[in-house]
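Undergrad:
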Ligand SMILES: *Cc1c(COP(=O)(O)O)cnc(C)c1O
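In this note's numbering, the protein residues as written are 61 to 458.
#1: Using only CA atoms, which one of 150, 198 and 351 lies nearest to residue 144?
#2: Helix, strand or coil, according to DSSP, for residue 167 in the structure here?
#3: In chain order, what residues of the same chain lie with their CB nearer than 7 Å to the CB of residue 280, ignoring the 5 residues before and after it?
#4: Name the residue from 146, 204, 353 and 436 whose alpha carbon lies nearest to the alpha carbon of residue 196.
#5: Are residue 439 and residue 358 touching if we call contact CB-CB under 8 Å?
#6: Looking at C-alpha atoms only, which residue of 129, 111, 118 and 168 is the closest neighbour of residue 138?
#7: Report all residues from its chain with a CB closer than 6 Å to the CB of residue 157; omit the five preceding and five following residues, and keep chain order.
#8: Ligand 1 heavy atoms versus the CB of residue 382: any closer than 7 Å?
#9: What are the start and end residues of the alpha helix (DSSP H) that includes residue 280?
#10: So residue 140 packs on residue 254, CB below 8 Å; how close in whole Å?
#11: Cβ of residue 371 within 8 Å of Cβ of residue 263?
#12: Are there 16 or more other CB atoms within 10 angstroms of the CB of residue 126, so buried, or fewer, so exposed?
#13: Is it right to say residue 289 is buried, meaning 16 or more other beta carbons lie within 10 angstroms of its own, or is it exposed?
#14: I'd like the span of the alpha helix (DSSP H) that includes residue 105, first residue to last.
#15: Might you give, ordered along the chain, the residues of its own chain that have their beta carbon closer than 7 Å to the beta carbon of residue 431, omitting 5 neighbours on each side?
#16: Considering only C-alpha positions, which residue in the set 313, 355 and 360 is nearest to residue 90?
#17: Where residue 319 and residue 256 are concerned, what is the direct C-alpha to C-alpha distance, given to the nearest angstrom?
#18: Hey, could you find the ends of the alpha helix (DSSP H) residue 422 is sitting in?
#19: Where does the unbroken alpha helix (DSSP H) through residue 411 begin, and where does it stop?
#20: Quick check: residue 374 and residue 429, are their CB atoms within less than 8 Å of each other?
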């Protein structure tokens, strides 16, 4: 009997997370667990802490790693920073800001939202207005999604910080960098972020299972005073030199070994080159999408070219397109797994992830396979889109 789930050669994982795992990371995880007193375990944890501080250009930040995912990291921010019934401002970026807002409300906090403008990044003026409307300073923090993975849009966090400061409101800025860390620059102080949070499985090229946060003095002080009951997520309990306390129990050793290897890869390639490579590959994808769009059926969801993320591209389709069928053809016939759309965009778009462990060859293979699937589905793609992607890579230096 033939096994139809197997595709010879390499399957391309072009979802915006989980993303492909480099061989070096896979190999680093192929090891036996260690006893809790083994100095290699402490060295692995220290390597992850150093790697994260370096990536965030935040040598002084307190960093926390949890056996969890991005949603867990969201919860860490809520439970540590917001008192019971406390208030937070969440600017609308689409599916991810709304999910974080819903989770925050489920935890008994109040959320002030600024409107999501589909296809557009955060409007800092909206945020400033919402803070001016809070003269009592009830709002403890602004929770902002840097790259909304559902929209493929990156908002300008430094501009947001400036807008917050211009109002004189003391709100903390908490940045969700799940889909941007390791892809675009996330330097904590430059962004004016008091907390940055993320997960292992996107730009950090490690399997899902680790959520992380970095916090500055101001955020730690707010957490220190926060009376909300908490335990597993509590920063106060985790600020310990003992690995058993740092993780509130047994650390996820295997994943930490993988994450340390991923930080090492970023270091060896050099952060600047990692970010430049993301820009080149995103440029190739955008060149192809611009080519396809000329045939009139497909388009960019992100309306502002500068806000198109280097991590993921969200591509709109004509009404009535069967996106599940398109994805199935792409996956089963052409070996490329891409993502559907989320929340309000469901059925209206699909997404190509281009973050993490990727290069010119994998991106060109992906674009060729996606175009093939589009053609099989009868969606007009015009001529020459793939040539544009090649030309974009050639012009960008490979
Ligand atoms: C993926 C993602 C999350 C959620 O992460 P999970 O690990 O799936 O819980 C949160 N925010 C952003 C921006 C994401 O891309």
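Beta carbons: idealized from backbone N, C-alpha and C, even for Gly.
TA: On the basis of the supplied data:
#1: 198
#2: coil
#3: 122 and 295
#4: 146
#5: yes
#6: 168
#7: 150 and 205
#8: no
#9: 277-285
#10: That belief does not hold up - the Cβ atoms of residue 140 and residue 254 are roughly 11 Å apart, past 8 Å.
#11: yes
#12: buried
#13: exposed
#14: 99-115
#15: 441, 445 and 446
#16: 313
#17: 17 Å
#18: 420-436
#19: Segment 409-413 is the beta strand (DSSP E) holding residue 411; no alpha helix (DSSP H) there.
#20: no
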